[in-house]
Amino acid sequence: MVFGVDNGIDFAIMNYMANKIKTKRNAEIEELFNKGYSLSEIAQKFGITRERVRVILEQRKEYRKQFRRLSKLKEEQGF
5 MVFGVDNGID FAIMNYMANK IKTKRNAEIE ELFNKGYSLS EIAQKFGITR
55 ERVRVILEQR KEYRKQFRRL SKLKEEQGF
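Residue numbering for the sequence shown follows the numbering used here, starting at 5 and increasing by one per position.
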């Protein structure tokens, strides 16, 4: 089977949408955690393990830290 441009575009669109859905889910997980829900409650709601919830929360914390650092650098450099 030969993959053409259309298949590449379709794959890119599917990948983009999957990431968008995943990002939204992760934001919901973080929001529930901030409201005081336990890792177990969140894991049960989304059908994932407590460990996965913990990893997602750590990743989002790291992303925010990196974003602040980049924003500060941009500001210092005058962008």
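Where is the CB? At the ideal position from N, CA and C, for every residue including glycine.
The C-beta of V57 has 16 or more other C-beta atoms within 10 Å across all chains shown, which makes the residue buried.
Contact annotation: the segment 37-50 does not touch the segment 11-27, with fewer than three C-beta pairs closer than 8 Å. For I33, the number of other beta carbons within 10 angstroms of its own is at least 16, and it is reported as buried. The C-beta distance from F37 to L61 rounds to 6 Å, short enough to fall under 8 Å. For K78, the enclosing alpha helix (DSSP H) covers residues R54 to Q81.
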